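Participant: Here the working numbering = 1-based position in the sequence shown + 1.
Below: one structure in structure tokens.
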Amino acid sequence: MIAALLLLAGALGLALRHGGNHALLWVLGAALGYTLYRGAFSFAGGFRQALAEGRGAGLRAQMLMLGILVIIMLPTIHAGTLAGAPVRGIAFPAGVAVIIGAFIFGIGMQLGGGCASGTLYTAGGGNTRMLLTLMFFIIGATIAAYDSERWADLPALSAISLPELIGLWPALFGSLAIFLCVALVLRVIEQRCHGRVEPIFAAPSAESPRRWSWAMAAIILAVLNIVTLWAAGRPWVITASFPLWGSRIVAEFGWDEPAFWAFWEDPTRTEAFLRPLLAERSSVMNFGLMLGAFFAAAIAARFKPTWRLSWRHGCASVIGGLLLGYGAVMASGCNISAYVAGIASGSLHGWLWILPGLAGNWVGLQLRPLFRLDR
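Below, the structure is given as structure tokens:
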């Protein structure tokens, strides 16, 4: 009841103060958080299962989600409109900063215990270790914003849209072919390693903590991504708000003047820094996402925070969170903002993100035993 009242109050307050569109984004964020929690849809978990165990269900579900997104979003973004609303994609320069940032972020995923979406929904669902990860995620993103002059001029190509470079249909069918090949390779590897392939469309077993099938969660997340594109005018992003939150805290306590950092002097970011926090779309969706996960955990009677945390796990959250935040800002996005939104937008930087991101996850897996985290 508390979770439902908070969600309702947030939607009404945003509608009255900032308009119906912000209220819709709040609801979409809540729906994303609810879906992520009910499906236990974890990018970090999917990468870990594939790299460490040879189990590919989580990664195959990601391919399904990306396939749906590419089919709908690539033509829509190329046309510039969706159901009468103007839309644009996410495209950033593809270069050294993306490679280094994605690699750092990947290490942070395995040490911190989650990705950007995973950190938010598990923290909202009452996981106290992930609350610590989230805190240092924001700190790491703020440090990266402060430090942006150090890496902003690293060599990079300009923002490249694959549909503009090679044509819409080659980009679309080429993307689908890659997703299909990845899914088939994962099936072969899982069959050889375990003698069977976990179906992603089947309902989870009674022993599994997941309530929805992998495929059901992937399809719902894809639909919510598409509605977000229509409502926000651009794909779903998460980490754009983290350096903003941290910089606002720095300014509020008078520790520095972030408005004069090179990061916030960029014209594309200045407006976000100056407007009220709840007028910023990604912040609205992130707050809604956490409350949506809180609502899902409460319904399932699983909102039971445990405040005891071993020092090793705490250290992993601190280090992982810092790497997640710094890497996401440096790479111009996280697993959602760069990997999912970038690929669904046809941006080269989204495709460039995934290989160093996976390499970072592999390194993170090798480091997990140092913190008494399972492989």
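Backbone N, C-alpha and C fix where the C-beta goes; we use that ideal spot for every residue, glycine too.
Fair warning: this is a prediction, and the values are worked out from it, not measured in the lab.
So, under 8 angstroms CB-CB, Trp246 and Ile139 are touching, yes? Tell me the CB distance rounded to an integer number of Å.
Facilitator: Contact between Trp246 and Ile139 is confirmed by a C-beta separation of about 5 angstroms, below the 8 angstroms threshold.
Participant: Using the beta-carbon count (16 or more within 10 Å), is Gln192 buried or exposed?
Facilitator: exposed
Participant: List in chain order: all unbroken alpha helix (DSSP H) runs of 4+ residues lying wholly within the region 184-243.
Facilitator: 215-233
Participant: To the nearest angstrom, how far is the alpha carbon of Trp363 from that of Trp213?
Facilitator: 27 angstroms
Participant: Just to confirm my understanding: we take Val319, look at its own chain, exclude 5 residues before and 5 after, and list those with CB closer than 6 angstroms. What are they?
Facilitator: Phe137
Participant: Given this structure, state the Cα-to-Cα distance separating Gly34 from Glu253, to the nearest angstrom.
Facilitator: 29 angstroms
Participant: Since Pro94 is in the beta strand (DSSP E), which residue starts that stretch and which ends it?
Facilitator: Unbroken beta strand (DSSP E) run through Pro94: 94-96.
Participant: Per DSSP, what are the beta-bridge partners of Pro76 in this structure?
Facilitator: Partner(s): none; Pro76 has no beta bridge.
Participant: Can you tell me the Cα-Cα spacing of Thr462 and Ser248, whole angstroms?
Facilitator: Residue numbering for the chain in the displayed model covers 2 to 376; residue 462 lies beyond these limits and cannot be assessed.
Participant: Taking 6 angstroms as the limit between beta carbons, can you name the residues of its chain near Ala45, skipping five residues before and five after?
Facilitator: Excluding sequence neighbours, Ala45 sits near Met110, Gly115, Cys116, Gly119.
Participant: Please report the distance separating the alpha-carbon of Val71 from that of Gly255.
Facilitator: 44 angstroms
Participant: With a Cβ-Cβ cutoff of 8 angstroms, do Ala332 and Val97 count as a contact?
Facilitator: no
Participant: How is the beta strand (DSSP E) around Leu1 delimited, first residue to last?
Facilitator: Outside the displayed span of the chain (2 to 376) sits residue 1, for which this structure offers no information.
Participant: Return helix, strand or coil for Ser43, following the three-state DSSP convention.
Facilitator: coil
Participant: With C-beta atoms as the reference, is Leu292 less than 8 angstroms away from Val88?
Facilitator: no
Participant: Buried or exposed: where does Trp27 fall if 16 or more other Cβ atoms within 10 Å of its Cβ makes it buried?
Facilitator: buried
Participant: Can you give the beta carbon distance from Phe243 to Ala142, rounded, assuming they're within the 8 angstroms contact cut?
Facilitator: 4 angstroms
Participant: Ser311 by DSSP, collapsed to three states: which one?
Facilitator: coil
Participant: Just to confirm, is the Cβ distance from Ala24 to Ala32 under 8 angstroms?
Facilitator: In this structure, Ala24 keeps its C-beta atom at 8 angstroms or more from the C-beta atom of Ala32.
Participant: Where in the region 49-131 do unbroken runs of the beta strand (DSSP E), each at least 3 residues long, occur, reported from the N-terminal end onward?
Facilitator: 94-96
Participant: Would you check if the distance between the CB atom of Ala160 and the CB atom of Ser348 is smaller than 8 angstroms?
Facilitator: yes
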